[in-house]
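**Q** Structure in C-alpha cells, see below.
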Amino acid sequence: MTNRLGDAISPYLRSHADNPVDWYPWGEEAFAAARERDVPVLVSIGYSTCHWCHVMARESFSDPALAAYLNERFVAVKVDREEHPEVDSAYLAAAGAFTQNLGWPLNVFVTPTGQAFHAGTYSPPVPVDGHPAFSQVLAAVDDAWTTRRAEVERSAAGLAAMLAEGQERLRGRGAVAVGGADAGAGAVSAEQLAAVVAELGQYEDAQHGGFGGAPKFPVAPVLRFLLEVGAGSGDTATGAAALALRTLRAMTASPLRDPVEGGFFRYATKRDWSEPHYERMLYDNALLLDALTAAWASAPHELWARDAALGVAGFLIEVMQLQSGGFASAQDSESTVDGHRVEGGYYALDAEARARQTPPALDEKVLTGWNGLAIGALAQAAFVFDRPEFALSAQHAADHLLEAHVTSPAGEPPRLLRASIDGRASTAVATLEDYGMLAEGLLRLAATTGSTRYATAGRMLVDAVLAEDPTTPVFAVPGGGDPVLGAQGLASELDPSEGAYPSGNSAAASAALLLHALTADARYRAAALRAVAPLAADAVAQPIAFGATLDLLTRLSRPAEQLVLVTPAPSDPLDRTPAPDAPDRTPSPDALAARVRTWRGAVVARATDEQAQLLAASGFELFADRATRDGLPTAYLCRDFVCRLPVTDPAALARD
254 MTNRLGDAIS PYLRSHADNP VDWYPWGEEA FAAARERDVP VLVSIGYSTC HWCHVMARES
314 FSDPALAAYL NERFVAVKVD REEHPEVDSA YLAAAGAFTQ NLGWPLNVFV TPTGQAFHAG
374 TYSPPVPVDG HPAFSQVLAA VDDAWTTRRA EVERSAAGLA AMLAEGQERL RGRGAVAVGG
434 ADAGAGAVSA EQLAAVVAEL GQYEDAQHGG FGGAPKFPVA PVLRFLLEVG AGSGDTATGA
494 AALALRTLRA MTASPLRDPV EGGFFRYATK RDWSEPHYER MLYDNALLLD ALTAAWASAP
554 HELWARDAAL GVAGFLIEVM QLQSGGFASA QDSESTVDGH RVEGGYYALD AEARARQTPP
614 ALDEKVLTGW NGLAIGALAQ AAFVFDRPEF ALSAQHAADH LLEAHVTSPA GEPPRLLRAS
674 IDGRASTAVA TLEDYGMLAE GLLRLAATTG STRYATAGRM LVDAVLAEDP TTPVFAVPGG
734 GDPVLGAQGL ASELDPSEGA YPSGNSAAAS AALLLHALTA DARYRAAALR AVAPLAADAV
794 AQPIAFGATL DLLTRLSRPA EQLVLVTPAP SDPLDRTPAP DAPDRTPSPD ALAARVRTWR
854 GAVVARATDE QAQLLAASGF ELFADRATRD GLPTAYLCRD FVCRLPVTDP AALARD
C-alpha cells in the first residue's frame, strides 16, 4: 500500500499516514482511481486540532479489518479543511441534505464524479444509542451503491444540480450593479440597525453571557459589528456597545479563556462557558484581540478589556508565532500530561506545572488569510496600547508572507499561496479570504506604521481580485478556485457564511473599503458596496451568521471619517530612554497621540512627515499635504476627505 500522506503539508494528513487505510490526498488522482475501479469515494474531512477527528482516527481508521473493507470497496480521500476550505464548504453544503448535525470529522460518500449521496459526522466503532457503527455505515453505503446504483446516481445528480443552482443565484446576486446607483444604495438604515441590535439582545444569555445555549461560540464577527455600531451615537449605539462589553466581559472571566497563556479556546460545550473544546485557533484569537482592543478604546475604564487584549496578544506572539515570522494555524486540544494523553489536561495546570510538561502541539501550517487577521489585529493593538513590540511582531509576519506566499507570474496579477509549512508550499489554491484578509492586514499595518511598502502590497492584492466587469461577481480569485471542484461543477467559492470568521467576500470588501479611506479612489468603495449590498436582507434576517457583512454595511451607511496623526521623525520605537528634559522618569505618552489612539468610528492612520510624503506620492491621497506644525505631532480630522484645520492641542481635537 502506497503511503501518500507521509510527506503532506498538513499535519492532519500526516497524522493519518500510518493508518491501514489506503488514503489519497485531495486531488484528481483519487477520482481517477475511483472511476477506473468503479467504486464510490469517501471524502473524510477534518483538521489537526479536532478532538473527535483524533477519536475516530484511533477507533476506526486504525482498525485493520475496517480499513481492509474500506480499501476494497471505496477510494478514501483525507482532506484538511483548513488547507482546502473550498472543498470543506462544498461538501458541508452537500452534507446538509443528509444530516442536521454538521461538524467534523465530516465523512461524505460521493460518486466517482464527485456527487454526494450520503454523509455523516463522527461514527462510533460500535452502535451507541441508536447511532450505527462506522462499519455499519460503510456496509449500508456499499449495499446502496451495488444494489440500487441507478437510484443513488439519480439522487446524487439531483442534489448536485440543486447546489449548482444555489451557486448561480449567489453569482447573480454578486453581479447586481448597485454600484451604479446612488452612493448609499444597499447600506442598512438606522431602523434596520436598531432592529438587528435588538434581535441580538434577545439572543443574549442573560445569566452567563454570550448568545444562545450550548454549545456556545465566541462569534467574534458579531462582536466586532456591535462595537462598530457602538462607535456611533444614540440609543442604538449605546445598546450595541453595552451588549458587546457584557459578552466580552463574561467570556474573559469564563473557562473559555486560558488565564495562564491568555488565549481563547474554540468553544464551550456548556451554556456557562465551561467544558471547552480546548483547541486554540489563530482566527478566533486574532478577531477577539481586535474586539477587545476596540472595547477598551471605547471604554478605557474597563481595565479587564485591556488586560485580556494584552493577554491575547502575548499568546499570539509567544505561543503561536513561528520562527519564520508566520503564525501557526492552531494549537491542539490534546496533550500528554505525566505520560497520559488527555484533552485539556495541560490547561488545568498552573504556569509552574506547565513548565514541566510538553505543551500541546501546534499545527504549524501558515495560512495566508488567518495570518492576515493576526497581522491586522496586532498592528491595531500596537497603536491603541502603545506597544511597538506588537507592531514588530506583525511586521515579522507580514515580511514572511510577502516573501514566501506571494508569487508574480509573468504578465499576470500576483498570486498567493494558501498554505505552507517549514518553507514548503501547499498545492491548495488560495481563496478569496486569503487575498482579502492579507490585504486588509497589510493596509492596517501600513496605517499604524506609515509603511509605503505594506500599503502598496495591500493595494496590489485588492486590485488582483477586483473585477472590472460589473456583470460578474465583484471579487474573484486570479486563476479561479479549486480545479477539481471546478471540473466537477461543485465550486463554492462564493459561500457568504461567516459564523466564526469573515467570508472571502466580506474580507475582500472590507479591504477595499479601507483602501478607499486611504486612497480616496471611489471605485474601491463602490466595489465594497456592490459586494455586500445583495446580502443585506439575509444579514439583517440572520445576524449571527453575517456579523462581518453587517459590520461592513454599518461602515458603508456612514460618511467616511479619517483621522491622521503626523509626527516628527521618531527614534527607535523600542527606545524607552527618558527624554533629556526629564532624566529621572519615563515621559508619559504624548497627549495628542493618546487622544488619537482611542478615537472610534474612523479610519485612524499615523505617519511621520517623510512617510506621509512617500504615501501621498504612491497614490494614498489621505496623506497628501499632511505635515507637522511647528515640529509638533499634528492631527487632521477629515470627513469624506475634507479635512479640518490641523491641531496640535488634544483639547482641540473633537467632533462637531
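Residues 254 to 909 in the working numbering are what the sequence shown lists, from first letter to last.
Ideal Cβ positions, reconstructed from N, Cα and C, are used throughout, including at glycine.
Values in this document were obtained by computation on a predicted structure and should not be read as measured data.
1) Could you compute how far the alpha carbon of A762 sits from the alpha carbon of A539?
2) Report the rounded CA-to-CA distance for G373 versus L359, giving the unit in angstroms.
3) Pick out whichever of S268, A905, P903 has its Cα sitting closest to the Cα of D585.
4) Terminal residues of the continuous beta strand (DSSP E) containing I298?
5) Considering only C-alpha positions, which residue in the set G299, A779, P749 is nearest to D722?
6) Use the C-beta contact count for R879: other C-beta atoms within 10 angstroms, 16 or more gives buried, fewer gives exposed.
7) Can you round the beta-carbon distance between A583 and M534 to whole angstroms, since I take them to be within the 8 Å contact cut?
8) Nearest chain D C-beta to A877 closer than 9 Å, yes or no?
9) Mind checking A409: buried by the 16 CB within 10 Å criterion, or exposed?
10) In whole angstroms, give me the CA-to-CA distance for F873 and T772.
11) So what does DSSP say about D837, is it helix, strand or coil?
12) Would you check if the distance between the CB atom of D791 and the CB atom of P474 is smaller than 9 Å?
13) With distance defined between alpha-carbon atoms, name the residue in A558, R401, E751 nearest to D543.
14) Roughly how many whole angstroms lie between the Cα atoms of I570 and L541?
15) Can you tell which of P662, Q445, E605, E863 has the C-alpha that lies nearest to the C-alpha of S810?
16) So, for D843: in the same chain, excluding its five sequence neighbours on each side, which residues have a beta-carbon less than 7 Å away from its beta-carbon?
17) Tell me the DSSP secondary structure of W276 in three-state form.
18) Can you look up C891 in the DSSP assignment and give me helix, strand or coil?
19) Would you call Q648 buried or exposed, if buried means 16 or more other Cβ atoms sit within 10 Å of its Cβ?
20) Helix, strand or coil for D585 per DSSP?
21) Considering only their Cβ atoms, is the gap separating Y375 from D333 smaller than 9 Å?
22) Suppose contacts are defined by Cβ-Cβ distances below 9 Å. Is G703 in contact with A865 by that definition?
23) What does DSSP give as the partner residue(s) for G373 in the beta ladder?
24) May I ask you to report which of helix, strand or coil DSSP gives Q574?
25) My understanding is that Y688 touches L655, with C-beta atoms under 8 Å, so please give their C-beta distance in whole angstroms.
26) Can you check the stretch 468–506 for any beta strand (DSSP E) of at least 3 residues that lies completely inside it and give the ranges in chain order?
27) Given a threshold of 16 other Cβ atoms within 10 Å of its Cβ, counted over all protein chains shown, does V590 qualify as buried or as exposed?
28) Given a cut-off of 9 Å on the beta-carbon distance, is the pair L620 and A657 in contact?
29) Quick one: is the Cβ of A630 within less than 8 Å of any heavy atom of the ligand SAM?
30) Looking only at DSSP bridge pairs, what is I674 linked to?
31) In whole angstroms, what separates the C-alpha of F284 from that of E686?
32) Figure out for me which residue from Q455, Y531, V482 has the closest Cα to the Cα of F470.
33) Can the beta-carbon of L476 be found closer than 9 Å to that of A459?
34) Going by DSSP, what residues sit across from M534 in a beta bridge?
35) In whole angstroms, give me the CA-to-CA distance for P378 and A321.
36) Which one of T489, P508, E312, V482 has the shortest CA to CA distance from G462?
**A** From the atom records:
1) 19 Å
2) 6 Å
3) Of S268, A905, P903, the residue nearest in Cα terms is S268.
4) Annotation: the continuous beta strand (DSSP E) that includes I298 extends over 294–299.
5) A779
6) buried
7) 5 Å
8) No chain D is present in this structure, which holds just one protein chain.
9) A residue is called buried when at least 16 other Cβ atoms come within 10 angstroms of its Cβ; A409 meets this threshold and is buried.
10) 4 Å
11) Only weak support exists for where D837 lies, its pLDDT of 41 falling under 50; the value from the coordinates is given anyway. In this structure, D837 counts as coil in the three-state DSSP scheme.
12) no
13) A558
14) When only Cα atoms are considered, I570 and L541 end up about 15 Å apart.
15) Q445
16) The beta carbon of D843 is closer than 7 Å to those of P886 in its chain, skipping five residues each way along the sequence.
17) strand
18) C891: strand per DSSP, three-state reduction.
19) buried
20) coil
21) no
22) yes
23) Answer is N360.
24) strand
25) Rounded, the Cβ-Cβ distance is 13 Å, inconsistent with contact.
26) none
27) buried
28) no
29) For the ligand SAM, the structure offers nothing, since it holds no ligand at all.
30) R677
31) 27 Å
32) Y531
33) For the 9 Å CB-CB criterion, L476 and A459 do not form a contact.
34) A583
35) 15 Å
36) P508
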